[in-house]
Amino acid sequence: MNTQVFAHRGASCTAPENTLPAFEQAAALHADGVELDVHLSADGQLVVIHDDTVGRTTNGIGVVHQMTLEQLKTLDASMGKAGFAGVKIPTLEEVYRLLQPTGLQVNVELKENEYDNGFAVIPKVLALEEAYGMSGRVFYSSFNHYALREMKRLSAKIQTGLLYAAALVDVWDYAASVPADAIHPNFFTLRDKNLVLQCHAFDIAVRPWTVDTEADLQNMFEQNVDTVITNDPELALRLRKENG
9 MNTQVFAHRG ASCTAPENTL PAFEQAAALH ADGVELDVHL SADGQLVVIH
59 DDTVGRTTNG IGVVHQMTLE QLKTLDASMG KAGFAGVKIP TLEEVYRLLQ
109 PTGLQVNVEL KENEYDNGFA VIPKVLALEE AYGMSGRVFY SSFNHYALRE
159 MKRLSAKIQT GLLYAAALVD VWDYAASVPA DAIHPNFFTL RDKNLVLQCH
209 AFDIAVRPWT VDTEADLQNM FEQNVDTVIT NDPELALRLR KENG
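Every letter in the sequence shown is one number past the one before it in our numbering, and letter 128, counting from 1, is 136.
Structure, rendered in structure tokens:
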């Protein structure tokens with residue numbers, strides 16, 4: 009079976025999401041890769057956190073892009089999970105330093121939605137990818153398809169994936185028009201079993217999220233999606249092994 013398993017925000021079933029322990033656990037499980045989220049801090053640092061605000065995942069209050077890295081690093085990002093007290097919001101550089109020796113791939117979701125700054129996050133993530141020798145192991149996704157178009161304008165070799173949550177008609181045509189190399193749909197939208205076949209016919213990869221139950225994972229494996237992005241990589245890896 010060729011379907012890859014990516015740990016969504018790291019092994020977020022057992023460790024606090026988007027933290028170094030979550031990514032360490034994903035590597036220990038021998039996942040194929042991890043998915044993570046990147047924002048810019050107020051002082052222009054690449055920080056790994058999902059939400060625009062810190063309230064859900066830390067013990068703090070505030071808007072990520074209005075806080076400096078120093079301020080963000082004072083927060084506890086353990087999300088109340090036992091054994092992880094004091095864990096911090098990591099920078100993308102810290103994640104690359106951890107994962108670079110492992111060979112894992114990284115799906116970087118860009119959270120920035122500012123148009124008037126020319127997507128300042130883009131040159132920063134590309135420079136960091138190069139600095140850590142991660143080229144070929146990193147691809148970028150976003151719900152902001154304009155940002156992904158800008159990445160392709162800078163370099164056609166950059167791998168991108170279109171995030172979306174509602175079913176799109178002839179999505180393979182849309183992906184080609186952006187252009188993008190992959191679609192990253194909510195797995196609920198893959199009810200038409202011809203969609204994966206059509207995308208593959210146009211060399212568009214299919215990487216659904218967040219596929220967490222045994223039945224849904226089996227369905228995605230049967231459809232031969234390229235990657236499942238899951239909060240439970242241990243379950244996904246076991247089922248993949250059982251399916252051969």
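C-beta: ideal position from N, C-alpha, C; glycine also.
At least three beta-carbon pairs within less than 8 Å, the region 104-119 to the region 75-92 | With fewer than three CB-CB distances shorter than 8 Å, the region 104-119 does not count as touching the region 75-92.
6 Å CB neighbourhood of Ala-23 in its chain, flanking five on each side removed | The residue given as residue 23 occupies position 15 in the sequence shown. If we look at Ala-23 and ignore the five residues flanking it on each side, its Cβ neighbours are Pro-29, Ala-30 and Gln-33.
What are the boundary residues of the beta strand (DSSP E) that includes Gln-113?
-> Counted from its first residue, the sequence shown places residue 113 at position 105. 113-118 is the extent of the beta strand (DSSP E) around Gln-113.
Would you call the region 198-212 and the region 225-233 touching, i.e. three or more CB-CB distances under 8 Å?
-> Three or more pairs of CB atoms, one per stretch, sit closer than 8 Å, so the region 198-212 contacts the region 225-233.
Mind listing, in chain order, the continuous beta strand (DSSP E) runs of no fewer than 3 residues lying wholly within the region 160-242?
-> The qualifying runs are 168-172, 190-193 and 235-238.
By Cβ distance below 7 Å, which residues in the same chain neighbour Phe-195 in space, the five residues on each side in sequence not counted?
-> For the purposes of this step, residue 195 is identified with residue 187 of the sequence shown, where counting begins at 1. Pro-216, Trp-217, Val-219, Asp-224 and Met-228.
Where DSSP assigns a beta bridge to Gly-41, which residues make up the other side?
-> Working through the sequence shown from its first residue, we reach residue 41 at position 33. According to DSSP, which records beta bridges pairwise, Gly-41 is partnered with Phe-14 and Gln-113.
Complete runs of the beta strand (DSSP E) confined to the region 46-108 [at least 3 residues] | As summarised for the region 46-108, the continuous beta strand (DSSP E) elements at least 3 residues long and confined to that stretch are 54-56, given in chain order.
Is Asp-45 closer than 7 Å to Lys-119 when the C-beta atoms are compared?
-> To locate residue 119, count along the sequence shown from 1; it is residue 111. To locate residue 45, count along the sequence shown from 1; it is residue 37. The Cβ atoms of Lys-119 and Asp-45 sit closer than 7 Å to each other.
For Tyr-154, which of helix, strand or coil comes out of DSSP?
-> Locating residue 154 in the sequence shown gives position 146, counting from the first residue. DSSP places Tyr-154 in helix when its eight states are reduced to three.
Would you mind sorting Arg-64 into buried or exposed? The rule is 16 or more other CB atoms within 10 Å of its CB.
-> For this step, residue 64 is matched to residue 56 along the sequence shown. The Cβ neighbour count for Arg-64, taken over all protein chains shown within 10 Å, is under 16; the residue is labelled exposed.
Which residues in the same chain as Ile-166 place their Cβ atom closer than 6 Å to its Cβ, once the five residues preceding and following it in sequence are excluded?
-> If you number the sequence shown from 1, residue 166 lands on position 158. Taken in chain order, the residues that qualify are Met-159.
If you drop the 5 nearest sequence neighbours on each side, which residues of the same chain put their C-beta closer than 7 Å to that of Arg-248?
-> If you number the sequence shown from 1, residue 248 lands on position 240. Closer than 7 Å at Cβ, skipping near neighbours: Met-9, Thr-11, Val-13 and Phe-229.
Rounded straight-line distance, which links the Cα of Lys-81 to that of Tyr-172 = Position 164 of the sequence shown holds residue 172. Position 73 of the sequence shown holds residue 81. Their backbone Cα atoms lie some 31 Å apart in a straight line.
For Arg-145 and Gln-113, believed in contact at Cβ under 8 Å, the rounded distance | Working through the sequence shown from its first residue, we reach residue 113 at position 105. Working through the sequence shown from its first residue, we reach residue 145 at position 137. Under the criterion of beta carbons closer than 8 Å, Gln-113 and Arg-145 qualify as touching, at roughly 5 Å.
N- and C-terminal bounds of the alpha helix (DSSP H) containing Phe-31 = To locate residue 31, count along the sequence shown from 1; it is residue 23. Counting along the chain, the unbroken alpha helix (DSSP H) around Phe-31 starts and ends at 28-36.
Buried or exposed: where does Tyr-154 fall if 16 or more other Cβ atoms within 10 Å of its Cβ makes it buried?
-> Residue mapping note: residue 154 aligns to position 146 of the sequence shown, counting from 1. Classification for Tyr-154: exposed.
Would you mind sorting Ile-57 into buried or exposed? The rule is 16 or more other CB atoms within 10 Å of its CB.
-> One-based indexing of the sequence shown puts residue 57 at position 49. Answer is buried; the Cβ neighbour count reaches 16.
Nearest-angstrom beta carbon gap, Ala-183 and Leu-170 [assumed within contact, 8 Å] | Looking up residue 170 in the sequence shown gives position 162. Looking up residue 183 in the sequence shown gives position 175. Contact between Leu-170 and Ala-183 is confirmed by a C-beta separation of about 6 Å, below the 8 Å threshold.
Who pairs with Phe-127 in a beta bridge, going by DSSP?
-> Locating residue 127 in the sequence shown gives position 119, where the first residue counts as 1. According to DSSP, which records beta bridges pairwise, Phe-127 is partnered with nothing at all.
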